[in-house]
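Report on one structure; see the data block that follows.
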Amino acid sequence: MTKGLALLAELVVVHGYFADPATPDWHFAPDAASARLLFRAGIVVHANRNHVRLFAETAADGSFRLVRLDRTISVRLNFGAPGVGEVSAPLEPLPPLPADHHGSPLSLAFDSRMATPVQDVSAIGDGTSEVWHEMTAIAFAPASDGARPRSLADGFSVTLDLDGTLPAPRFRVVLAARAVPWRYVLIGDWPGHSPQVNDPNPNDAERISFAKLAVPYVLANGASAIAWQSQSAIALSDHNRQRFDLCDGDNGNAVLIRGLPRASPANLVLAQSGAPSSLVCEIFVHH
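39 is the number that the numbering used here gives to position 31 of the sequence shown; each next residue is one higher, with no gaps.
And the structure:
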């Protein structure tokens, strides 16, 4: 008798900072207890960095029998390299930990039953659509054991309740990229020019506005520089679409430098207020 595999559930993680979701050094797979439970139930796990698929063995006619699990499955994402917290949007602020916390384990958890169904036309090349159930960073909740959430940099878990329904549910965890103002610091002399940062985007609704800082920017050596800062936060990305130009405000906005350097998480600094939430990304431009 020929046997095959039927998809029970699919789970993928995407991050707004990375053009290629498989770029980050992360490991996404069931935790040890869930892996043992799946093995006893005869469920096959295919895990590949940011993608997990769960399969049940089928009979020749395609039917399968799912052993009813006595608890939900926890799929854990662990980051293997630092820096993910810097490029990820911060989670909602949390109340202080209780005094008797004593360093007990913390975790982020999401219950798949809270996911929102969305149509994804791009999922299939023939133009038809698949239904994915999305979970976003703002929807993360404390783990069921009462542990409190912490930074995305520490990883998180997703809870799946497998009931064998077909078509198999597809879950997509969407992690937002950190968005901060971009500040261009213009170093050197600009004789005969009035440099300003402009967004050449022809779409007025999408154009980013920049304003010159009211006071000169003081460099580490004590010298002054001109600084222009975006009036809205711009998402960090390793594939930023935004490219800004340095123009001459006194000469009909003639372009001085086309395609200024893009922001990098390595250049994140605290804004003048010093509040942890008031980060800006400084980009230095030499004349």
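Yeah, the Cβ is synthetic: ideal placement off N, Cα and C, and Gly gets one too.
The model shown is predicted, which means the values in this text are computed figures rather than measured ones.
Inset, instruction - Could you please give the first and the last residue of the uninterrupted beta strand (DSSP E) stretch that includes Gly-12? - result: Taken as a continuous stretch (DSSP letters only), the beta strand (DSSP E) holding Gly-12 covers 12-23.
Legend entry - Where Asn-56 sits in the DSSP three-state scheme: The answer is strand: DSSP assigns Asn-56 an E or B state.
Inset, instruction - Have a look at Leu-15 and Ile-51 and give me their C-alpha separation to the nearest angstrom. - result: Taking the straight line from one Cα to the other gives about 10 Å.
Inset, instruction - Specify whether the stretch 18-27 and the stretch 238-256 touch according to this definition: at least 3 beta carbon pairs, one from each stretch, less than 8 Å apart. - result: Output reads yes: the stretch 238-256 touches the stretch 18-27.
Legend entry - Environment of Gln-239 [buried if 16+ CB atoms lie within 10 Å]: Classification of Gln-239: exposed, given that the 10 Å Cβ count is below 16.
Legend entry - Rounded separation between Pro-125 and Asp-33 - CA only: Cα atoms of Pro-125 and Asp-33: separation of roughly 28 Å, rounded to the nearest angstrom.
Inset, instruction - Report yes if the CB atom of Pro-177 is closer than 8 Å to the CB atom of Ala-17, and no otherwise. - result: Going by C-beta atoms, Pro-177 is nearer than 8 Å to Ala-17.
Legend entry - Assumed close pair Leu-268, Val-293 - CB separation to whole angstroms, cut-off 8 Å: Contact between Leu-268 and Val-293 holds, with the beta-carbon distance rounding to 6 Å and staying under 8 Å.
Legend entry - Extent of the continuous beta strand (DSSP E) run through Phe-164: Residues 164-168.
Inset, instruction - Report the option in Asp-256, Val-139, Leu-77, Asn-86 whose CA atom is closest to the CA atom of Gly-200. - result: Residue Asp-256 is the option with its Cα nearest to Gly-200.
Legend entry - Pair within 8 Å by beta-carbon distance, Ala-274 and Val-288: No; because the gap between Cβ atoms is not below 8 Å, this pair is not in contact.
Inset, instruction - Measure the Cβ-Cβ separation of Ala-233 and Ile-195 and say whether it is below 8 Å. - result: The Cβ-Cβ distance between Ala-233 and Ile-195 falls below 8 Å.
Legend entry - Unbroken alpha helix (DSSP H) run spanning Phe-47, endpoints: Phe-47 -> alpha helix (DSSP H) spans 40-48.
Legend entry - Cα-Cα separation between Leu-183 and Asp-39, rounded to whole angstroms: As the crow flies, the alpha-carbon of Leu-183 is around 21 Å from that of Asp-39.
Inset, instruction - Please state whether DSSP places Asn-209 in a helix, a strand or coil. - result: Looking at Asn-209 - three-state DSSP - the assignment turns out to be coil, as it is neither helix nor strand.
Inset, instruction - Taking 8 Å as the cut-off, decide whether the C-beta atoms of Glu-290 and Arg-186 are in contact. - result: Between Glu-290 and Arg-186, the CB-CB gap reaches or exceeds 8 Å.
Legend entry - Cutoff 8 Å; reference Ala-107; Cβ partners in own chain excluding five residues on either side: For Ala-107, the pLDDT reaches just 48, beneath the cut-off of 50, and the residue's location in the model is therefore unreliable, although a value from the coordinates is still provided. The beta carbon of Ala-107 is closer than 8 Å to none in its chain, skipping five residues each way along the sequence.
Legend entry - Buried/exposed call for His-191, threshold 16 Cβ in 10 Å: According to the sequence as given, residue 191 is Arg; it is not His. Taking all protein chains in view, the Cβ of Arg-191 is crowded by 16 or more other Cβ atoms within 10 Å, so the residue is classified as buried.
Legend entry - Sub-8 Å separation of Leu-254 and Leu-170 beta-carbons: Taking 8 Å as the Cβ cut-off, Leu-254 and Leu-170 do not qualify as a contacting pair.
Inset, instruction - May I ask you to report which of helix, strand or coil DSSP gives Pro-296? - result: Beyond the ends of the chain as shown, which are 9 and 295, falls residue 296; an answer cannot be given.
Inset, instruction - For Val-223, name the three-state secondary structure that DSSP assigns. - result: In the structure shown, Val-223 adopts coil according to DSSP, grouped into three states.
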